[in-house]
Amino acid sequence: MVDRDRVLAKLDELDGYLKELAGVAPKSFAEYRRVEKKRSCERLLQVAIECVIDVCSLFVRGLRLGVPGEEDDLFEKLAGVEIFSKPLMDTLKRMKGFGNILVHEYGAVDDEIVYEMACSGAPDFGRFKSEILSALAREF
Numbered sequence: 222m223v224d225r226d227r228v229l230a231k232l233d234e235l236d237g238y239l240k241e242l243a244g245v246a247p248k249s250f251a252e253y254r255r256v257e258k259k260r261s262c263e264r265l266l267q268v269a270i271e272c273v274i275d276v277c278s279l280f281v282r283g284l285r286l287g288v289p290g291e292e293d294d295l296f297e298k299l300a301g302v303e304i305f306s307k308p309l310m311d312t313l314k315r316m317k318g319f320g321n322i323l324v325h326e327y328g329a330v331d332d333e334i335v336y337e338m339a340c341s342g343a344p345d346f347g348r349f350k351s352e353i354l355s356a357l358a359r360e361f
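Heads up: the sequence shown is residues 222 to 361, going by the numbering used here.
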């Protein structure tokens, strides 16, 4: 059984990070390039992505879908049982890859992508939350 309370707590945590991101979002690319603004946007996106992975892990564990070999397996397992859509699965895989770049390869971070995500409110997170809440309502 999926731990509904923990999932909802993680989604609240995600909302908090996204709200914080909206609060620090730069008004221009020049403003974004200031080190403190850049690092705060990167970090908030990183922890938001970690919340998504944590929620997926809670679902896989709760539904007893087996031990994933790697994080991408989480998304495939959940799309396979229709917790979320295959297009969202692909988005989450890219999101996880982007998070890995933020954590491990700062030199390879594309500032324009981070700036865009910070300013757009990162709609992929909203889509993730919507599909997860639908799954909670449908399944549990």
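By construction, the Cβ of each residue, glycine as well, lies at the ideal position given by its N, Cα and C atoms.
- Taking 3 residues as the shortest admissible run, the region 252-333 contains no complete beta strand (DSSP E) segment at all.
- Of A358, S355, L354 and F349, the smallest CA-CA separation from E271 is found for F349.
- Taking a contact to require three or more Cβ pairs closer than 8 Å, the region 260-271 and the region 234-241 qualify as touching.
- Judged by DSSP secondary structure, G244 falls within the alpha helix (DSSP H) whose first and last residues are R225 to V245.
- The region 279-290 makes no contact with the region 244-260; the number of CB pairs closer than 8 Å stays below 3.
- Distance from the CA atom of M222 to the CA atom of E303, rounded to whole angstroms, is 16 Å.
- F319 sits away from M310, with the two beta carbons spaced by 8 Å or more.
- In this structure, the alpha-carbon of G244 lies about 39 Å from that of G287.
- Straight across, the Cα-Cα distance linking R255 with D233 is about 29 Å.
- Within 10 angstroms of the beta-carbon of F250 lie fewer than 16 other beta-carbons, which makes it exposed.
- The C-beta of K248 has fewer than 16 other C-beta atoms within 10 Å across all chains shown, which makes the residue exposed.
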